[in-house]
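Take a look at the structure set out below.
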Amino acid sequence: LVNRRVHSGQRGFLDFSPTRREYTDKENDVPVLSLIQFSKAPFVTFGSVKLGTSKSAVLRIENPTEYAAAEVSVEKIPSSKGFSVDFGPCFQPGGSFTLVVTWTPTEEGGIRELIVLNASGVLKHQAVLLGRAEAPKRKKKTLWDTIKSKREGEKMTTLRRKVEHPPLKMAANKTFQVSRNPQYKRDKPRSPLTSLNEGKGAIERSLTKHSPVGDRCLKSDKQKALNLSQEQQSLAAFRKHAARRRYLILKRAAVLIQQKYRATLLSRKTKNEYNSLRAAVLTVQANWRGRADRKRIEKWHQCASFIQACYRRHKVQAEYRAKRAAAVVLQSHYRAYLAGRKMKRGYLEKKAASITVQAAFRGMRVRAELKKKHQAATVIQALARMFLCRKRYLLLHSAAIVIQSQYRALLLCRAQLNEFRKLKQATVKIQAVFRGFRERQDLKRQHKASRAIQAHFRMHRMRVAYLALKCASIIIQERYRAKRLMDQQMQSYRTMKHAVIVIQAAYRGHKARRKIANMHQAASVIQRKFLAIRDRKNFLAVRVAVLACQQRYRAVTLTRKARLDYLSKRRAVVCLQAAYRGYVVRKRLCIEHMAAVTIQSQYRMYQQKNNYKRLCWAATVLQTRYRANKKMRAEVHALSVKKNAAVVLQAAFRGMKLRQMIKQKHQAASVIQRAYRAHCEHREYLTLKSSVLTVQRRYRASVAAKKQLQTYQKLLRHWLARRHKAATVIQQAVQKFLLLRRQKRVQQGILKAQALWRGHCSRRLNDNPKIVKLRHRLRVVTASVREEDKLCNKTSSALDYLLRYKHFSYILEALKNLETATRLSPECCERLVESGATNVIFTLIRCCNRSVPCMDVITFSIQILLNLSKYHKTIEAVYSVENSVETLLDLLQRYREKAGDKVAEKGGSIFTKACFLLALLLQDKQRTEEVKKLPKVLDRIHSIYRLTARKHKMDTERTIIKQKMSASINGSFFVPVTFLFSFRFAPDWVLRRDKLKDIVDPLRAIQMVANTLSIVL
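My numbering puts the last residue of the sequence shown at 1066; the count rises by one with no breaks.
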């Protein structure tokens, strides 16, 4: 029982040993950054990292564009928090690369930072870095370490004792000792006969040692037996007491260890449950707080959007349309991608199912064919010689048949050719006679028809003439009878009319004769054409018949010859295939027989060897037991029952082990056979698959090469067209530029002449002594202007002073000159940014205190930065300075009580200028989002606004009270109106009426910053 408990406890200790678990908050399993517009920022997770160690994470960057390479640079990284990366990669379109981010934590706690990447200087992308730094934990000392150290101390104490022989108590209780050596954990159970044999040997040695030599001669046999039985009883009682005492000690120790171990397991389980419950509670709390914050922020955004709807309507509509178009495109592409992936998945499932069915069917078919081949192998070997002899006979027989058929075909061909020639001559004669008869009959019919046509035509002509004459005579008679009643003066008219009628009759007769002549000529042409077409049609029919006969005869001849060649080749190929297949089947069968014989021989050898070893071991045991029984005749009856029981148990155990071993060998043989068959089928399938893949690869390569060639040609044509178009555009632009320059020169000359003339006229008409004196003074001042007084030279000297000198007066003078230059010239702004003076200006602001000269320096510095921020080309340089926003927020907190008068002497106080500068910098949405993510920015702005609003409220109440008092005195009441303002920023060198002037009201300035950050106040 003790052994079983101790071993079960050890197994429990091994199975339930505590392992270290890392709980990480992973928001993305595979962080991937795509270099496209509106791409989502990936999350790079580091998990829990010990202080003093480093950990790296991988960020994969992909370039999905197919027409341009991309160069990626790291623009902003929180190096102060221990982050470092590689930067500056450039890769081809459609490629990707891996960016390794390393974090070495410097302080304990969670961290969430941003890394800003710039793609080709155009697009900016962000990646979120998440991690948690933990302090290293101290290792706790377990109960098992304490017990182990205590036992090692006991062993060292025991080794110091000098003991020549082991005590009888320890010798008797070795069976109950628990060994922790792994090699004894799975040994066979120890037989109780072994311990009894060892006890008997110890008793015999003890008796031999303690019995004197002279007593065995003096005592009688009865006294010897009595002493021996008493000594054995006392030894057995002592051994029983020692064993029981040892057993109770071990039992108490085992129970104590089990209790401690179960308590340890229970404490670990309780701790793990508490940790999991605590993590779940933290997760639920974080989700609930995030949800509450998101709801609150969403409510703020809704309120802010409702308040600012009138101003941002047009801009939001344009952005909405662009985003909606992009979303529609993305949704269509994504839906197409989902549909394609779904169809591909279905296709792959169907393909896998069909491949499985095909593999099963082919395996079944191959096994059936192999079985048939095994059955037919014997028949094939028996009939092989007969087949060879029959093949030789059939070859000779077929050769004789071919020769005879060729000769008979030649004779038949000659006879058929003679008959065909005779038949052709007779056919030609018959055709000639028949065609002549048919032509003569057709000619007679045509002549008869022509005569009938001519007779009918003449009859028609005479009838027409007769009818015309009859009609004319009737008309003449009617006219004559009518005119007979008329005056004789109409006689001349009747004569003229008769003449006209005669002329008309003559003309009609001439026209009819001409028409008949044309009809005769057309009939002749039609007859000639008809005869020619009919003869040609007959000739073509005869020609087609002759060609068809010739082609048919030649085709029959070639078909017979090709069929004979094909039959001979087919018989040869069939013979070769049968011989090769028989050889392959015989070779495979021989290999399989050899493998089966080898496996069977190895198995039989192993079985015989096991039987022999078992017999040797049984013989050795029997011999040992027989010698022991001869020495222990006094105890043979007590041990015989135990021996028989042990033999029965051993025989049953050996039989069980032997049956298990045989079963395992059968299973191994079955597995080997299945593996070999599967290997053969798999090898054939791989060969077929490689051939199919090779064919597919070559076909796809050819198709891809054609497509690539077409693409290159298309790109080349597009490039040539584009180059031609570009050259045309450049030529047009150059010509237009030259023309405009000439026109501008002419226009400037005309304007100059006009200006000179107008000035001359104005001076001649309006000159007086004061104007003349003023003009002379201006000429003197212009002549006395030095080169150093130019704006560019002042900017250069001021930058030199600012970057080189450290004296306060030089720095103040340089700041004054730079403020004037940046306010009046955009070139000076760009030059200041290129020299890197913005970092120096921010450093000056951070180093100044609240003295009057330092406040002047801060005022000029803020004004310079304000001038740079109003210019769109230099605002990014001001924002990109490290900790620029934090510096401005520090200025707001430091000078909030100095929030200025509404009529300031130098264009506004430091507080209002800093607010105006911060509002200008945060006009870009991306910069606004970055500032929102900075720690405690919104809280600081809230606190500044509360203080400013409270002071402004007090001033407003005092002003209203004064106005009411003055209104009560004057009898009028006026309430000031708060006007809404619009953001329209422009540099000072832009002269527009609608541009926003500098703000001097502190409340208005901090409200503008809050509106820019979309903060609900």
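We put the CB at the ideal spot given by N, CA and C, even for glycine.
As the structure is a computational prediction, the values presented were derived from the model and not from experiment.
If the criterion is Cβ atoms closer than 8 Å, does the pair MET1057 and ALA998 meet it?
Cβ atoms of MET1057 and ALA998: not closer than 8 Å.
Alpha carbon to alpha carbon, how far is ILE721 from ALA627?
If you take the alpha carbons of ILE721 and ALA627, they lie about 31 Å apart.
Could you check the C-alpha separation between SER83 and HIS382 for me, to the nearest Å?
In a straight line, the C-alpha of SER83 is about 16 Å away from that of HIS382.
Quick check on TRP806: buried or exposed, where buried means 16 or more other Cβ atoms within 10 Å of its Cβ?
Exposed, by the Cβ-count rule.
How should ARG945 be labelled, buried or exposed, when 16 other C-beta atoms within 10 angstroms of its C-beta is the threshold for buried?
Buried, because 16 or more other Cβ atoms sit within 10 Å of the Cβ of ARG945.
Let's test the definition: count the other Cβ atoms within 10 Å of the Cβ of PRO818 and tell me whether it reaches 16, buried, or not, exposed.
Its Cβ having fewer than 16 others within 10 Å, PRO818 is exposed.
Just tell me which of LEU166, GLU156 and GLY339 has its CA closest to the CA of LYS125.
Nearest C-alpha to LYS125: LEU166.
Beta strand (DSSP E) containing PHE469: first to last residue?
Here PHE469 belongs to no beta strand (DSSP E); instead the alpha helix (DSSP H) covers 358 to 533.
Look at the Cβ atom of LEU881, then the Cβ atom of LEU852, and state whether they are nearer than 8 Å.
No; because the gap between Cβ atoms is not below 8 Å, this pair is not in contact.
What residue range does the alpha helix (DSSP H) around GLY180 cover?
Not the alpha helix (DSSP H): GLY180 falls in the beta strand (DSSP E), residues 172 to 183.
What separation, rounded to the nearest whole angstrom, lies between the Cα atoms of SER499 and ASP584?
About 21 Å.
Just to confirm, is the Cβ distance from ALA176 to ALA90 under 8 Å?
Yes.
By the three-class DSSP mapping on this structure, what secondary structure does ILE860 have?
ILE860: helix per DSSP, three-state reduction.
In the DSSP assignment, the beta strand (DSSP E) including THR94 goes from what residue to what residue?
Where THR94 is concerned, the enclosing beta strand (DSSP E) stretches over 92 to 99.
Tell me whether VAL844 sits in a helix, a strand or coil according to DSSP, three-state version.
Checking the sequence shown, residue 844 turns out to be Thr, not Val. Helix, per DSSP.
Compare the Cα-Cα distances from GLN975 to each of LEU163, SER133 and ASP1050 and report the closest residue.
Selected option, being the one with the closest Cα: LEU163.
Determine the burial state of PRO1051: buried for a count of at least 16 other Cβ atoms within 10 Å of its Cβ, exposed for fewer.
Answer is buried; the Cβ neighbour count reaches 16.
Per DSSP, what kind of secondary structure is GLU162 in: helix, strand or coil?
Strand, per DSSP.
Could you check what DSSP says for GLU883 in three-state terms: helix, strand or coil?
If DSSP states are grouped into helix, strand and coil, GLU883 belongs with the helices.
Can you check which of these residues, LEU179, GLN553, ARG484 and ALA870, is closest to PRO154 by C-alpha distance?
Of the candidates LEU179, GLN553, ARG484 and ALA870, the one whose C-alpha sits nearest the C-alpha of PRO154 is LEU179.
Which term fits LYS919, buried or exposed, when burial requires 16 or more other beta carbons within 10 angstroms of its beta carbon?
Buried, by the Cβ-count rule.
Can you check whether the CB of LYS560 is closer than 8 Å to the CB of ARG543?
Taking 8 Å as the Cβ cut-off, ARG543 and LYS560 do not qualify as a contacting pair.
Excluding the 5 residues flanking CYS903 on each side, which residues of the same chain have their C-beta closer than 8 Å to its C-beta?
Taken in chain order, the residues that qualify are CYS897.
Would you mind stating whether GLU868 and GLN912 have Cβ atoms separated by less than 8 Å?
Against a cut-off of 8 Å, the Cβ pair of GLN912 and GLU868 comes out as a contact.
Along the beta strand (DSSP E) that carries TRP768, what are the first and last residues, could you check?
Per DSSP, TRP768 belongs to no beta strand (DSSP E); it is in the alpha helix (DSSP H), 685 to 815.
Considering only residues of the same chain and omitting the five flanking positions on each side of VAL927, which have a CB-CB separation below 7 Å?
For VAL927, where only same-chain residues beyond five positions count, the Cβ hits under 7 Å are THR887, LEU914, LEU917, SER918, SER933 and LEU970.
Could you check where the alpha helix (DSSP H) with LEU671 kicks off and where it finishes?
540 to 680 is the extent of the alpha helix (DSSP H) around LEU671.
Measuring alpha carbon to alpha carbon, tell me which residue in PRO185, GLY159, VAL81 and GLY101 is nearest VAL149.
Selected option, being the one with the closest Cα: VAL81.
Quick check: the Cα distance between GLN282 and LEU275, rounded to an integer number of angstroms?
Approximately 11 Å, taken between the alpha carbons.
Please report how far the alpha carbon of TYR1082 lies from the alpha carbon of LYS546, in whole angstroms.
Only positions 50 to 1066 of the chain appear in this structure, which leaves residue 1082 out of reach.
Applying the 10 Å Cβ sphere with the 16-neighbour rule, what's the burial state of ARG229?
In this prediction, ARG229 scores a pLDDT of 41, lower than 50, which makes its location untrustworthy; the coordinate-derived value is nonetheless stated afterwards. ARG229 is exposed by the Cβ-count criterion.
List, from N- to C-terminal side, the alpha helix (DSSP H) runs of 4 residues or more that fit wholly inside the stretch 931 to 998.
Qualifying alpha helix (DSSP H) stretches, in chain order: 933 to 943, 959 to 970 and 974 to 981.
Nearest-angstrom Cα distance between ALA572 and MET539?
The straight-line gap from Cα to Cα measures roughly 50 Å.
Within this structure, are the beta carbons of ILE890 and GLN942 separated by less than 8 Å?
Cβ atoms of ILE890 and GLN942: not closer than 8 Å.
Should LEU864 and SER910 be called a contact, given that it needs their Cβ atoms to be closer than 8 Å?
Against a cut-off of 8 Å, the Cβ pair of SER910 and LEU864 comes out as a contact.
Check whether the Cβ of LEU178 lies closer than 8 Å to any Cβ atom in chain C.
Annotation note: the requested chain C is absent from the structure, which comprises a single protein chain.
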